[in-house]
Amino acid sequence: MTQQYVKDVMIGQRKLLSSNTFIIPKGEMCDFKLNISDDENEFNFPIRIAFDDDGGSTQSVEFKPDPSSSSMKMILHNWNNPLGSALKEFYPIVNIENRTTIEMLMVNKRLGDVNELVIQFWRKVEMS
Numbered sequence: 249m250t251q252q253y254v255k256d257v258m259i260g261q262r263k264l265l266s267s268n269t270f271i272i273p274k275g276e277m278c279d280f281k282l283n284i285s286d287d288e289n290e291f292n293f294p295i296r297i298a299f300d301d302d303g304g305s306t307q308s309v310e311f312k313p314d315p316s317s318s319s320m321k322m323i324l325h326n327w328n329n330p331l332g333s334a335l336k337e338f339y340p341i342v343n344i345e346n347r348t349t350i351e352m353l354m355v356n357k358r359l360g361d362v363n364e365l366v367i368q369f370w371r372k373v374e375m376s
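Counting the sequence shown from 1 gives a position; my numbering is that position plus 248.
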């Protein structure tokens, strides 16, 4: 990996944990682990991203357990617009012991048969 040159990115009361771009061919899934640490522990959350294009116009995001990969499966329904699809606001995905909330933002472009997915993970922080 290359060294990160941008640090301490904030939007409101949220601090950027990571910004990732995944190139995912149509019909494929992407697996990764979201690693979160706090003062006491480190947590690993396996996530599987899948696209489901049913021909409809309604876009949505669905989360459900995926026993085959021992992960949380995030299904992006009808995120196939070549001009782009996006979450319009921060979406909470993890709450760690009521101390830390992790949220995400996403944008996806379908270029031919390839998805260009940008996903960011943010931690809510207390302002002092």
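Even glycine gets a Cβ: it sits at the ideal position worked out from N, Cα and C.
- Cβ-Cβ distances below 8 angstroms link Gly332 to Val355, Asn356, Lys357 in the same chain, with the five nearest sequence neighbours on each side left out; the list follows chain order.
- By the 16-neighbour rule on beta-carbons within 10 angstroms, Asn283 is exposed.
- In the three-state DSSP reduction, Phe338 falls in the coil class, being neither helix nor strand.
- Taking 9 angstroms as the cut-off, the beta carbon of Glu351 is found closer than this to the beta carbon of Lys372.
- Proximity to Gln307 across Asn329, Ile367, Pro294, Glu337 peaks at Asn329, based on C-alpha coordinates.
- Sequence-distant partners of Lys312 (beyond 5 residues in either direction) whose C-beta falls short of 6 angstroms from its own C-beta, in its chain, are Lys321.
- Here Gln261 has Lys372, Val373, Glu374, Met375 as same chain residues with Cβ atoms under 8 angstroms from its own Cβ, once five neighbours each way along the sequence are excluded.
- According to the DSSP assignment, Trp327 belongs to no beta strand (DSSP E), since it is labelled neither H nor E.
- Check the Cα spacing between Phe299 and each of Asp286, Asn326, Phe293: the tightest is with Asn326.
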